[in-house]
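The structure under discussion appears below in the form of structure tokens.
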Amino acid sequence: MRQFLALFSISLKDAFVYRVRSFIWFLNDVLPVLTAMLFFGAVFSQQKQVGDYVLSSILSYYLVTLSLNVLLEPHPEFAIYLDINSGFLSTYLLKPLSYIRFYIASEIAWKTIRLTYLTPFMILALIALHGCTTMNLMVWWRWLIFGLMLAVSFMIFYFWKVIIGFMAFWFNEITWLLGISELLSTFFSGIIFPLDLMPKYMQQIASLLPFKYVIYIPAKLLTSVISLEEQFKYLIIQLVWLSILGLVVKRLWRKGVKDYEAYGN
44 MRQFLALFSI SLKDAFVYRV RSFIWFLNDV LPVLTAMLFF GAVFSQQKQV
94 GDYVLSSILS YYLVTLSLNV LLEPHPEFAI YLDINSGFLS TYLLKPLSYI
144 RFYIASEIAW KTIRLTYLTP FMILALIALH GCTTMNLMVW WRWLIFGLML
194 AVSFMIFYFW KVIIGFMAFW FNEITWLLGI SELLSTFFSG IIFPLDLMPK
244 YMQQIASLLP FKYVIYIPAK LLTSVISLEE QFKYLIIQLV WLSILGLVVK
294 RLWRKGVKDY EAYGN
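Numbering-wise (my numbering), the sequence shown opens with residue 44 and increments by one.
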């Protein structure tokens, strides 16, 4: 824990120095959601309801989705790709620290800086949309479960991105893979479009992927009524995904480092 806190402190200082970069990433997360809100604003000017959504519920959904995306989606994959591709990974291998934990600390530090942008943005948004949003007020112990789900969501997202980054062990160029990953995660997490408004076959595909459970489900917990049984069911599904992706990360790391060292990087 002491090592992790030290890594977090170093990463936080680095994130503060490059806070303009953090703000750019913040805009990258915000703009697609704002575009979707404008789209639905135009739709609801012509009709009162779309599916189970009215204007207040769709605005609430997107505000929550935006917040969760900013706080939960990490971006370690490109840095990992550069480390491996440039040979800089060797520097980490010589140090008495966990490479994977290092980037966890780094991502949490960057999220801390990004939170300073998100907070005033959300305050202004709630003031501007006063009376046009609705939230599900849960009892305190369900908030504890929700908090656990957010922590698991972050780690699922993190492990997925690490797996994408680790592909650089075997491919010299993976920017195409980064693009595919971003497209899949954005679309099937419900950031652009609520999953329950998609065709049934698309919803079925989303249920087979991890992204639904890291953004869409937590967002629905805050904006609609979900039973305690369903909440536990989704938490269990999250934990299954976390276990699977964690195991894949562990095996890819061992295999990747072995191949990396064999090539003498």
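Just so it is clear, CB atoms sit at the ideal spot from N, CA and C, and this is done for glycine as well.
Could you say if the region 106 to 113 and the region 258 to 267 meet the contact criterion of at least three C-beta pairs nearer than 8 Å? yes
Find out if the Cβ-Cβ distance for the pair Leu114, Arg157 is shorter than 9 Å. yes
If you measure between the beta carbons of Tyr201 and Pro119, is that distance less than 9 Å? yes
Count the other CB atoms, across all protein chains shown, that sit within 10 Å of the CB of Ile170; report buried if there are 16 or more and exposed otherwise. exposed
Buried or exposed by the 16-neighbour rule on C-beta atoms within 10 Å, applied to Ala85: exposed
Determine contact between the region 124 to 131 and the region 78 to 96, defined as no fewer than three beta-carbon pairs at a distance below 8 Å. no
Go through its chain and collect everything with a Cβ distance to Phe51's Cβ below 7 Å, but skip five positions before and after it. Ala148, Ile151 and Ala152
Going by alpha carbons, who is nearest to Ile32 out of Leu227, Ala79 and Glu116? Nothing can be reported for residue 32: it is not among the residues displayed for the chain, which extend from 44 to 308.
Taking Ile207 as the reference, which of Phe189, Ser228, Met192 and Leu187 has the closest Cα? Ser228
Is the CB of Gly289 under 9 Å away from at least one CB in chain B? Among the chains of the structure shown, chain B does not appear; only one protein chain is present.
With burial defined as no fewer than 16 other Cβ atoms inside 10 Å of the residue's Cβ, what is the status of Tyr306: buried or exposed? exposed
Grouping DSSP H, G and I as helix and E and B as strand, with all else coil, what is Tyr160? helix
Looking at Ile123 and Phe214, is the spacing between their C-beta atoms short of 9 Å? no
For Phe1, count the other beta carbons within 10 Å of its own beta carbon; 16 or more makes it buried, fewer makes it exposed. Which is it? Residue 1 lies beyond the range of the chain shown here (44 to 308); nothing can be said about it.
Assumed close pair Phe254, Ser270 - CB separation to whole angstroms, cut-off 8 Å: Contact doesn't hold; Cβ gap of about 23 Å is too wide.
Taking C-beta to C-beta, are Tyr160 and Pro117 nearer than 9 Å? no
Taking C-beta to C-beta, are Gln274 and Arg144 nearer than 9 Å? no
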